[in-house]
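**Student:** Structure below; questions to follow.
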Amino acid sequence: MGEVILTREEKEIKEWAGKSFREPWFTLVERCAKLKNGQKLSEEEKLFHPFFIDILIDTELIYKTMKMLKISRFVSGNLFTIILSKKEDRVIWACVEREEDGVFVSAKVLDPTQKWADKVAEMLFIDNLKGAYEFLSDWVKRNEIAESIGAIKVANIMFFKTIKDAWEKSSEGKNLPLFLILFLDAVKTNIEKRFIRFYPDVPLAKIINFSYPLLKHTVKLVKPASHLLSVKYIDSLLRAYYSYLLPAKIEI
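In this text, residue positions in the sequence shown follow this note's numbering: the first is 26, and each later residue adds one.
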């Protein structure tokens, strides 16, 4: 697979994003695939370390939650993820994530140095999301990568920079309440600056603008309980939280 030439800043952000986002996400997808196929997880696999926060969560709980909420309600089917350079003139990373019954069960990384990426970059540079979506929908089918694409997700590399800054300013996520506040600010910035966008459109901006004030106020309220939120194993707290929000019985 070819290498895309990056600036020093882009390279640093991409390396951080790889360790903080891609690796844990691919791990979760792999475990979800096992559960979907009826396989049992090992003791190590039963607990998931999510992204860059120092906590552990029950993997099966995440799987059941994803299945009940159904990602496909927001993104209908397989997702084509694209990361663009800071200037948005190049595709620097891409993958196709396959969805089954509301849960992502596989992720195939693609070569961004191939001709398809140049074509897509040209369209995305002028914000032609529809054209990129239609081109990629045909391309994945012709190349037998997926039968169809439900949506494309396009992120500027600076999307990860805003979250990296929040992580660093909160002692690398160790001050969890502060991180959550800064993370919400980062998400809002990413939406406003269109560092992340979908086609067909997912109403992220409306969702964030509606929920942002309430979420931020709630995070401030839990700040005195930072000693509870910062412990490494909080599975029991999460189970209590989800048992309140979700139905008592969720079938796999």
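A virtual CB, placed ideally from N, CA and C, is assigned to each residue, including glycine.
Tell me which residue opens and which closes the alpha helix (DSSP H) that Glu47 is part of.
**Tutor:** For clarity, residue 47 is Arg in the given sequence; the question names Glu instead. It is not in any alpha helix (DSSP H) - Arg47 carries neither H nor E in the DSSP assignment.
**Student:** Tell me the rounded alpha-carbon separation between Gly156 and Phe220.
**Tutor:** Looking at the two C-alpha atoms, the distance is approximately 19 Å.
**Student:** Taking only three categories from DSSP, how would you classify Asn181?
**Tutor:** Strand at Asn181.
**Student:** Would you check if the distance between the CB atom of Val145 and the CB atom of Val116 is smaller than 9 Å?
**Tutor:** Closer than 9 Å, so yes.
**Student:** Touching or not, the segment 163-173 and the segment 146-155, by the rule of three or more beta carbon pairs under 8 Å?
**Tutor:** Judged by Cβ distances under 8 Å, the segment 163-173 makes no contact with the segment 146-155, as fewer than three pairs qualify.
**Student:** Only counting the same chain, and skipping five residues up and downstream in sequence, which positions put a Cβ closer than 6 Å to that of Tyr88?
**Tutor:** Closer than 6 Å at the Cβ level, and outside the excluded window around Tyr88, lie Cys57, Leu60.
**Student:** Assign Thr187 to one of two classes, buried (16 or more other C-beta atoms within 10 Å of its C-beta) or exposed (fewer than that).
**Tutor:** Classification of Thr187: buried, given that the 10 Å Cβ count is 16 or more.
**Student:** Once you ignore the five residues that flank Gln139 on each side, which residues in its own chain have a CB closer than 8 Å to its CB?
**Tutor:** Excluding residues within five positions, the ones whose Cβ falls inside 8 Å are Gly27.
**Student:** Do the CB positions of Ile182 and Leu104 come within less than 9 Å of each other?
**Tutor:** Result no, Cβ atoms of Ile182 and Leu104 do not sit closer than 9 Å.
**Student:** Specify, as a first and last residue, the run of the beta strand (DSSP E) that Leu31 falls within.
**Tutor:** Here Leu31 belongs to no beta strand (DSSP E), and DSSP marks it neither H nor E.
**Student:** Kindly indicate the opening and closing residues of the beta strand (DSSP E) around Thr214.
**Tutor:** Not the beta strand (DSSP E): Thr214 falls in the alpha helix (DSSP H), residues 201-217.
**Student:** Using CA coordinates, which residue listed in Leu161, Glu113, Phe184 is at the minimum distance from Leu149?
**Tutor:** Of the candidates Leu161, Glu113, Phe184, the one whose C-alpha sits nearest the C-alpha of Leu149 is Glu113.
**Student:** Is Gly175 buried or exposed, if buried means 16 or more other CB atoms sit within 10 Å of its CB?
**Tutor:** Looking at its Cβ environment, which holds 16 or more other Cβ atoms inside 10 Å, Gly175 is buried.
**Student:** Can you tell me whether DSSP reads Arg59 as helix, strand or coil?
**Tutor:** Checking the sequence shown, residue 59 turns out to be Lys, not Arg. Of the three classes helix, strand and coil, the one that applies to Lys59 here is helix, per DSSP.
**Student:** Along the chain, where does the beta strand (DSSP E) that runs through Arg115 open and close?
**Tutor:** It is not in any beta strand (DSSP E) - Arg115 carries neither H nor E in the DSSP assignment.
**Student:** Between the beta-carbon of Ile170 and the beta-carbon of Ile107, is there less than 9 Å?
**Tutor:** The answer is no: Cβ separation not under 9 Å.
**Student:** On the CB-based measure, 16 or more other CB atoms within 10 Å of its CB, does Glu122 come out buried or exposed?
**Tutor:** Burial call: buried.
**Student:** Use the C-beta contact count for Leu94: other C-beta atoms within 10 angstroms, 16 or more gives buried, fewer gives exposed.
**Tutor:** Under this definition Leu94 is an exposed residue.
**Student:** On the criterion of 16 or more Cβ atoms from any shown chain inside 10 Å, does Glu85 qualify as buried, or is it exposed?
**Tutor:** So Glu85 ends up on the buried side.
**Student:** Just the Cα atoms here: how many angstroms apart are Phe208 and Glu147?
**Tutor:** Spanning the two alpha carbons is a distance of roughly 31 Å.
**Student:** Might you give, ordered along the chain, the residues of its own chain that have their beta carbon closer than 7 Å to the beta carbon of Phe184, omitting 5 neighbours on each side?
**Tutor:** If we look at Phe184 and ignore the five residues flanking it on each side, its Cβ neighbours are Asn215, Phe220, Ile221.
**Student:** Distance, Cα to Cα, Lys218 vs Gln64?
**Tutor:** Near 42 Å, if we compare the C-alpha coordinates of Gln64 and Lys218.
**Student:** Among the candidates Asp226, Asp126, Glu34, Leu201, whose CA atom is the shortest distance from the CA of Tyr158?
**Tutor:** Tyr158 has its Cα closest to that of Asp226, out of Asp226, Asp126, Glu34, Leu201.
**Student:** Tell me where the beta strand (DSSP E) around Val130 begins and ends.
**Tutor:** Val130 -> beta strand (DSSP E) spans 128-134.
**Student:** Check for me: the alpha helix (DSSP H) holding Ile174 runs from which residue to which?
**Tutor:** Segment: none, Ile174 is in no alpha helix (DSSP H) and carries neither H nor E.
**Student:** Mapping DSSP to helix, strand and coil, what is Phe220?
**Tutor:** Coil, per DSSP.
**Student:** In chain order, what residues of the same chain have a beta carbon less than 8 Å from the beta carbon of Phe73, not counting five sequence neighbours either side?
**Tutor:** The residues are Pro49, Thr52, Leu53, Arg56, Leu81, Ile82, Asp83, Thr84, Ile87.
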